[in-house]
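One structure is given here, and the rest of the page talks about it.
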Amino acid sequence: MAIIEVKNVTKHFGPKVALDNVSLDIPEGKIFGLLGPNGAGKSTLIRIINRITIATGGEIYFQGHPITEEDVSHIGYLPEERGLYRKMKVGDQAIYLAQLKGMSAREAAVELKKWFVRFEIQDWWNKKVEELSKGMAQKVQFITTVVHRPSLMILDEPFSGFDPVNAELIRKEILRLKEEGATIILSTHNMESVEALCDNIALINKAKLVVTGGTDEIRRQHGQDNVEIEFTDATMDRKSIVVARPEVNAKLIELIGQGVAINSFKEVIPRMNDIFIKLVTEEE
17 MAIIEVKNVT KHFGPKVALD NVSLDIPEGK IFGLLGPNGA GKSTLIRIIN
67 RITIATGGEI YFQGHPITEE DVSHIGYLPE ERGLYRKMKV GDQAIYLAQL
117 KGMSAREAAV ELKKWFVRFE IQDWWNKKVE ELSKGMAQKV QFITTVVHRP
167 SLMILDEPFS GFDPVNAELI RKEILRLKEE GATIILSTHN MESVEALCDN
217 IALINKAKLV VTGGTDEIRR QHGQDNVEIE FTDATMDRKS IVVARPEVNA
267 KLIELIGQGV AINSFKEVIP RMNDIFIKLV TEEE
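Numbering-wise, our numbering puts 165 at position 149 of the sequence shown, and it's gapless, one number per residue.
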């Protein structure tokens, strides 16, 4: 079942076309990667889903009906353009943002403090936002995005500004939230994270949908049908070569004739980064 259905959505800003008849489904309970170069239309689509801006044409459906303001309260949105009130205390601001999503002050304080402990920032509860490092502020904003347990979370470049240790922390939390039943739209340029996290993806370029589907399916669909053969030669060195599938048998016979030991052979699945570059370049 799709939690979000995007049906023939277009968006014009004067003469500029930001989205051109885009249709896609976002499955419930999955991590959905929304990919594309800068300026492709990803952020515009996210803003339309959040009803921050209105589509020129087409419809967004949430759990089977046209999306409403009430539905938006069930969405947690972490925008790429971060922003906190610098003069407020961290805890007070986090409670305020949670209340905007329908939590009581008491409930918000209890849940937020659990998150602050998990992210090891409990000592910053009474500090002012302006005292936070960029990474610390990022943690606070991630927490305020998810603390009200939204059924849909939209995370726009959630790893931006994090060192590798904290980026891994965020990845683990995203997976945990998925296991608890949340649907997550992940907009990112980090292709390693796409491969590690995403069940499905959509690639948008120049306002148009280029491809959408399951991550594994797309990787296989855009592979070169190559096979990697690993072997040990006469000097006991382990080596590997990549050959086209129709040439595998001939290459195996050749190698065996040279007296090498075949260790394995496997299909070469392209990296998502390579597919991204290939599809965008073809569109160009």
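Cβ coordinates follow ideal geometry from the N, Cα and C atoms, glycine included.
On the premise that residue j lies in contact with residue i, defined as a C-beta separation below 8 Å, what is that separation, rounded to the nearest angstrom?
i, j, result
"I20", "L116", "About 21 Å separates the two Cβ atoms, so there is no contact after all."
"G229", "I285", "Actually they are not in contact, since the Cβ atoms of G229 and I285 sit about 15 Å apart, beyond 8 Å."
"I269", "P166", "With a Cβ gap of about 58 Å, I269 and P166 do not count as contacting."
"R235", "I291", "7 Å"
"I220", "A56", "5 Å"
"N243", "F281", "Note on identity: in this sequence residue 243 is Val, with Asn being the wrong assignment. Going by Cβ atoms, the distance from V243 to F281 rounds to 5 Å, so yes, they are a contact pair."
"K58", "K105", "Not really, about 34 Å apart at Cβ, beyond 8 Å."
"I257", "I245", "6 Å"
"A8", "D36", "As shown, the chain starts at 17 and ends at 300. That puts residue 8 outside it, with no answer to give."
"V25", "I76", "7 Å"
"M288", "E173", "About 16 Å separates the two Cβ atoms, so there is no contact after all."
"K129", "Q138", "7 Å"
Tell me where the alpha helix (DSSP H) around residue i begins and ends.
i, result
"L271", "V264 to G273"
"F132", "A121 to R134"
"K58", "K58 to I65"
"P180", "P180 to E195"
"L113", "V106 to L116"
"V156", "K150 to V162"
"E85", "E85 to V88"
"I234", "T231 to Q237"
Can you tell which of the options has the C-alpha that lies nearest to the C-alpha of residue i?
i, options, result
"I111", "A125, I65 and V145", "A125"
"D241", "E283, I269 and N216", "E283"
"A277", "T84, D108, R254 and R261", "R254"
"T297", "P53, V162, G74 and E97", "P53"
"G107", "E75, D215 and V156", "V156"
"K46", "S256, T60, I170 and P262", "I170"
"L51", "I190, E263 and L202", "L202"
"F158", "G80, N265 and L113", "L113"
"V163", "K23, A198 and D139", "A198"
"A71", "S39, S209, E147 and R187", "S39"
"T204", "M152, I83, L193 and G177", "G177"
"F175", "S89, E97 and G80", "E97"
"E44", "M119, D139, N216 and N265", "N216"
"L193", "G118, V145, T161 and W141", "T161"
"T84", "V259, I68, L185 and G73", "I68"
"K354", "I190, P262, E184 and E146", "Since the displayed the chain opens at 17 and closes at 300, residue 354 lies outside it and no answer follows."
"K23", "G74, L61, I42 and P31", "G74"
"E184", "E196, L94 and E208", "E208"
What does the Cβ neighbour count give for residue i, buried or exposed, with the cut at 16 atoms within 10 Å?
i, result
"Q154", "buried"
"R63", "buried"
"T251", "exposed"
"F29", "exposed"
"Q109", "buried"
"D179", "exposed"
"Y101", "exposed"
"T248", "exposed"
"P82", "exposed"
"E127", "buried"
"G49", "buried"
For residue i, report the span of its beta strand (DSSP E) as first-last.
i, result
"Y77", "G73 to F78"
"V259", "R254 to A260"
"L213", "Not the beta strand (DSSP E): L213 falls in the alpha helix (DSSP H), residues M207 to L213."
"N242", "N242 to T248"
"N37", "K32 to P43"
"F4", "Residue 4 cannot be examined here, being either before or after the span of the chain that is shown, 17 to 300."
"N221", "N216 to N221"
"L51", "I47 to L51"
"N54", "Where N54 is concerned, there is no enclosing beta strand (DSSP E), given that its DSSP letter is neither H nor E."
"Y93", "I91 to L94"
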